[in-house]
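Asker: Chains as they are written, first to last, in the numbering used here: chain A, 1 to 333; chain B, 334 to 666.
By construction, the Cβ of each residue, glycine as well, lies at the ideal position given by its N, Cα and C atoms.
Every value quoted in this text rests on a predicted model; they were computed, and no experiment measured them.
So that we are looking at the same thing, I have put the structure below in structure tokens.
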DNA sequence: CTGTTAGCGCCTTCAT
DNA sequence: ATGAAGGCGCTAACAG
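Okay, here's the thing in structure tokens:
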């Protein structure tokens, strides 16, 4: 594993000269540079990036921590982040917090392997986050809220979005609306639940315990929750799924039971994942501005890195996307 | 930015003692350890991972380089890689080669920021790859073949897969079959084209230049290619898309033109992306064993890292997934 | 233009 | 049990 020292020796110059030559500092005669480059090639020399970072005490990279690489919309979000990141000539790396929340993610959070991190994962504890903050190391939280120095939050208005969804159902004549939640430790899920309840209340409807079921934001959990909904008999006329993935699972469960969407039951999701427009029927849902969240998060990152005063909380609006999984107005039982 | 030195000073011990205490070496009296830990907390001390890696000259992480984070089946593949990687107590980080093939990706390829790299991107040149190999730094290439020391290839049998697809169409009675290719620099695309031609030939059919159109493996390119296919009049009875993404684009183009799939035209894709079973009609396609490719790649990585002799080339089989986008046997014009 | 020197933050013998 | 010293590979003054 050749080092710069070996290169310098072989080229017959000092280490610093080699360094300059390798880095294109034009303080070095082109003849010597050539010698150095030649030697480097002969030795198959590769610089050690860590040593460089250590010296420069800046990594020029920002990390994003995801719950898993399979998340429903992480690709669009990452695209947003990536666009801004590369415009700032920074590197972007992604890692998953799945399984071992304590290993990979921690290395980025606590060991200065990045200049800042964007986290979009529920399974990283507030405590760990708080421990990891420090001057000059911004943490941007997505879809999650936590107060702290150098912590910035980009959320969407989950409660309003959920309210919009529920209102939409109610205005279409539904009075019996189930809600399938996400995992208990997800703020997004909790907020969506709140929005659901607020809408019910505002419309004089009562929440029915039998119609709120727990899910986990996964397709399978949506499928299962729907199955138990069906099994327990006495179906509502509509169900609001905490996210699209679960709605997709629900669609499958209904299909298997011969229950027609939207004729027999209306369903609405949340997120507007790519799949949503391809399901059968296409899924009505609440869109999250995923790409924009990504760019905003990255923007905040660089502002914070730049040392400016940065607003700590951003709450982005959602949008109702009407497709065909709900019975339309006037089309009431 | 507190360093271990600060901690040691505050605790009133030597740096090395602090190091031991922090790392749990039980060579240190618990009373001093406590002092050190206390000091570390007070100072909000975080170790610098790079310095550690530099010292230890091993990063315990492997990197995967993707063309972009938006690819259709990266998530499944990454899951495979991730599972093996974390079982080996390594970290996994992903980065994109999009745009600046020269920046982020290069940092991992050439600057020893990872112990090995898995690459799944066409826009990284063979040359760069070859330059980056060195003893103890394995590179695993996915869906791509390159011969070199410390380079391992995991491919699927693209030509056989393509042949299977085309044979399938021919056996269903089709004689006029178009092919939409991927980008010219994609080996996968080229192999699929070869398989297509072989099948044609084996079945006594002639390749028609007007029916092979270039695409880019993106949905949009599939849409456009299909549009020009339609525009040029004289439609074939079937089209084989180089991948599913393009087939999805094609589906849209056909729908817009009122051409019914599979009644008016049969289409088949390649990859079996998640979307494939949700399109309308569900897409018949050739499945790639994505998860398995991921696990295999990671396995090879660790074998190579372990210094054993490792087979350099693996070629995985594909599988025909029959759905509803092709007219079935006997159903000929 | 080139070489010497001194760290970056950490870990690891080797003495004490 | 603890401390002093050297070095990982590189860069950045500062001299020559």
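Of all the residues that make up the segment 373–390 of chain B, which are near chain A by a beta-carbon distance shorter than 7 Å?
Answerer: Result list: 377, 379, 380, 381, 382, 383, 384, 386 and 387.
Asker: Can you find a CB in chain A that lies within less than 8 Å of the CB of residue 359 (chain B)?
Answerer: Residue 359 (chain B) sits at position 26 when you count from the first residue of the second chain. No, its Cβ sits nowhere closer than 8 Å to a Cβ of chain A.
Asker: Helix, strand or coil for residue 61 (chain A) per DSSP?
Answerer: Numbered from its first residue, the first chain carries residue 61 (chain A) at position 61. In the structure shown, residue 61 (chain A) sits in a strand (DSSP, three-state: E or B).
Asker: Give every residue of the same chain whose Cβ lies closer than 6 Å to the Cβ of residue 607 (chain B), excluding the five residues on either side of it in the sequence, and list them in chain order.
Answerer: To locate residue 607 (chain B), count along the second chain from 1; it is residue 274. Excluding residues within five positions, none has a Cβ falling inside 6 Å.
Asker: Tell me whether residue 322 (chain A) sits in a helix, a strand or coil according to DSSP, three-state version.
Answerer: Indexing the first chain from 1 puts residue 322 (chain A) at position 322. In this structure, residue 322 (chain A) counts as coil in the three-state DSSP scheme.
Asker: Can you check whether the CB of residue 116 (chain A) is closer than 8 Å to the CB of residue 295 (chain A)?
Answerer: Position 295 of the first chain holds residue 295 (chain A). Position 116 of the first chain holds residue 116 (chain A). No, Cβ-Cβ distance for residue 295 (chain A) and residue 116 (chain A) is not below 8 Å.
Asker: Quick one, which of B:569, B:406, B:466 and B:382 has its alpha-carbon nearest residue 637 (chain B)'s?
Answerer: Numbered from 1 along the second chain, position 304 holds the residue referred to as residue 637 (chain B). Closest option to residue 637 (chain B), Cα to Cα, is B:466.
Asker: Please list, in chain order, all residues of the same chain as residue 585 (chain B) whose beta carbon is under 7 Å from its beta carbon, the five residues on each side excluded.
Answerer: Numbered from 1 along the second chain, position 252 holds the residue referred to as residue 585 (chain B). Excluding sequence neighbours, residue 585 (chain B) sits near 556.
Asker: Report yes or no: do three or more beta-carbon pairs, one from the segment 444–464 of chain B and one from the segment 37–56 of chain A, lie closer than 8 Å?
Answerer: Counting Cβ pairs under 8 Å, three or more are found: they touch.
Asker: Count the other CB atoms, across all protein chains shown, that sit within 10 Å of the CB of residue 151 (chain A); report buried if there are 16 or more and exposed otherwise.
Answerer: One-based indexing of the first chain puts residue 151 (chain A) at position 151. Classification of residue 151 (chain A): buried, given that the 10 Å Cβ count is 16 or more.
Asker: According to DSSP, what are the bridge partners of residue 286 (chain A)?
Answerer: Position 286 of the first chain holds residue 286 (chain A). Answer is A:320.
Asker: Closest by CA to residue 120 (chain A), which one among A:74, A:135 and A:215?
Answerer: One-based indexing of the first chain puts residue 120 (chain A) at position 120. Comparing Cα positions, the closest option is A:74.
Asker: Leaving out five residues on either side along the sequence, give the residues of the same chain with a beta carbon under 6 Å from the beta carbon of residue 463 (chain B).
Answerer: Residue 463 (chain B) sits at position 130 when you count from the first residue of the second chain. Hits under 6 Å: 481.
Asker: Should residue 577 (chain B) go down as buried or exposed, given a rule of 16 or more other Cβ atoms within 10 Å for buried?
Answerer: The residue labelled residue 577 (chain B) in the question sits at position 244 within the second chain. Burial call: buried.
Asker: Under DSSP, the alpha helix (DSSP H) around residue 348 (chain B) begins and ends at which residues?
Answerer: The count along the second chain starts at 1 and reaches residue 348 (chain B) at position 15. Residues 348–356.
Asker: Note down, in chain order, every chain A residue with its Cβ under 8 Å from the Cβ of residue 587 (chain B).
Answerer: Position 254 of the second chain, counting from 1, holds the residue named residue 587 (chain B). What residue 587 (chain B) touches in chain A: nothing, since even the nearest Cβ is about 15 Å away.
Asker: According to DSSP, is residue 36 (chain A) helix, strand or coil?
Answerer: Taking the first residue of the first chain as 1, we reach residue 36 (chain A) at position 36. Reduced to three states, the DSSP call for residue 36 (chain A) is helix.
Asker: Closer than 9 Å by beta-carbon distance: list the chain A residues that pair up with residue 525 (chain B), in chain order.
Answerer: On the second chain, position 192 is the one that residue 525 (chain B) refers to. Under the 9 Å cutoff, chain A gives no residues; its nearest Cβ is about 24 Å from residue 525 (chain B).
Asker: Just tell me which of A:254, A:247 and A:56 has its CA closest to the CA of residue 278 (chain A).
Answerer: In the first chain, counting from the first residue as 1, residue 278 (chain A) sits at position 278. If we check each option's Cα against that of residue 278 (chain A), A:247 comes out closest.
Asker: Between residue 286 (chain A) and residue 164 (chain A), is the Cβ-Cβ spacing less than 8 Å?
Answerer: Translated into the one-based positions of the first chain, residue 286 (chain A) becomes position 286. Translated into the one-based positions of the first chain, residue 164 (chain A) becomes position 164. Their beta carbons are under 8 Å apart, which means residue 286 (chain A) touches residue 164 (chain A) by this criterion.
Asker: Residues in the same chain with beta-carbon distance under 8 Å from residue 42 (chain A), minus the five sequence neighbours each way, listed in chain order, please.
Answerer: The count along the first chain starts at 1 and reaches residue 42 (chain A) at position 42. Once the five neighbours on either side are set aside, the close Cβ partners of residue 42 (chain A) are 10.
Asker: Can you tell me where the beta strand (DSSP E) with residue 474 (chain B) in it begins and where it stops?
Answerer: The residue you call residue 474 (chain B) lines up with position 141 of the second chain. Counting along the chain, the beta strand (DSSP E) containing residue 474 (chain B) begins and ends at 472–475.
Asker: Indicate whether at least one CB of chain A lies closer than 8 Å to the CB of residue 514 (chain B).
Answerer: On the second chain, residue 514 (chain B) is found 181 positions in, with the first residue counted as 1. Taking Cβ atoms only, chain A never reaches closer than 8 Å to residue 514 (chain B), which makes this a no.
Asker: Mind checking if residue 657 (chain B) is an interface residue toward chain A, Cβ cutoff 8 Å exclusive?
Answerer: Position 324 of the second chain, counting from 1, holds the residue named residue 657 (chain B). Output row for residue 657 (chain B): interface = no.
Asker: Taking 8 Å as the threshold, find out whether the segment 422–432 of chain B comes into contact with the segment 77–93 of chain A through three or more Cβ pairs.
Answerer: Output reads yes: the segment 77–93 of chain A touches the segment 422–432 of chain B.
Asker: With a threshold of 16 other CB atoms inside 10 Å of the CB of residue 565 (chain B), please say whether the residue is buried or exposed.
Answerer: Numbered from its first residue, the second chain carries residue 565 (chain B) at position 232. Answer is exposed; the Cβ neighbour count stays below 16.
Asker: Please classify residue 89 (chain A): does DSSP put it in a helix, a strand, or coil?
Answerer: As a position in the first chain, residue 89 (chain A) is number 89, starting the count at 1. Looking at residue 89 (chain A) - three-state DSSP - the assignment turns out to be coil, as it is neither helix nor strand.
Asker: Using 8 Å for Cβ pairs, my map puts residue 528 (chain B) next to residue 550 (chain B). What's the rounded Cβ distance?
Answerer: The count along the second chain starts at 1 and reaches residue 528 (chain B) at position 195. The count along the second chain starts at 1 and reaches residue 550 (chain B) at position 217. So it is not a contact: roughly 16 Å between Cβ atoms.
Asker: Note the first and the last residue of the continuous beta strand (DSSP E) segment covering residue 546 (chain B).
Answerer: Position 213 of the second chain, counting from 1, holds the residue named residue 546 (chain B). 545–547 is the span of the beta strand (DSSP E), which, as asked, contains residue 546 (chain B).
Asker: Confirm, please, whether the CB-CB distance from residue 118 (chain A) to residue 62 (chain A) is below 8 Å.
Answerer: Within the first chain, numbered from 1, the residue matching residue 62 (chain A) stands at position 62. Within the first chain, numbered from 1, the residue matching residue 118 (chain A) stands at position 118. Against a cut-off of 8 Å, the Cβ pair of residue 118 (chain A) and residue 62 (chain A) comes out as a contact.
Asker: I'd like to know if the segment 491–505 of chain B and the segment 644–661 of chain B are in contact, where contact means that at least 3 CB-CB pairs between them fall below 8 Å.
Answerer: Yes, they touch.
Asker: Tell me which same chain residues have a C-beta within less than 6 Å of the C-beta of residue 635 (chain B), skipping the five on either side of it?
Answerer: Within the second chain, the letter at position 302 stands for residue 635 (chain B). Excluding residues within five positions, the ones whose Cβ falls inside 6 Å are 421.
Asker: Quick check on the DSSP output: the alpha helix (DSSP H) that includes residue 116 (chain A) runs from which residue to which?
Answerer: For this step, residue 116 (chain A) is matched to residue 116 along the first chain. Not the alpha helix (DSSP H): residue 116 (chain A) falls in the beta strand (DSSP E), residues 116–120.
Asker: Check whether the Cβ atoms of residue 18 (chain A) and residue 154 (chain A) lie closer than 8 Å to each other.
Answerer: If you number the first chain from 1, residue 18 (chain A) lands on position 18. If you number the first chain from 1, residue 154 (chain A) lands on position 154. In this structure, residue 154 (chain A) does not lie closer than 8 Å to residue 18 (chain A) by Cβ.
Asker: According to DSSP, is residue 6 (chain A) helix, strand or coil?
Answerer: Position 6 of the first chain, counted from the start, is the residue given in the question as residue 6 (chain A). Residue 6 (chain A) falls in the helix class under three-state DSSP.
Asker: Taking the C-alpha atoms as reference points, what is the distance between residue 372 (chain B) and residue 192 (chain A)?
Answerer: Translated into positions along the second chain, residue 372 (chain B) becomes position 39. Translated into positions along the first chain, residue 192 (chain A) becomes position 192. C-alpha separation (whole angstroms): 43 Å.
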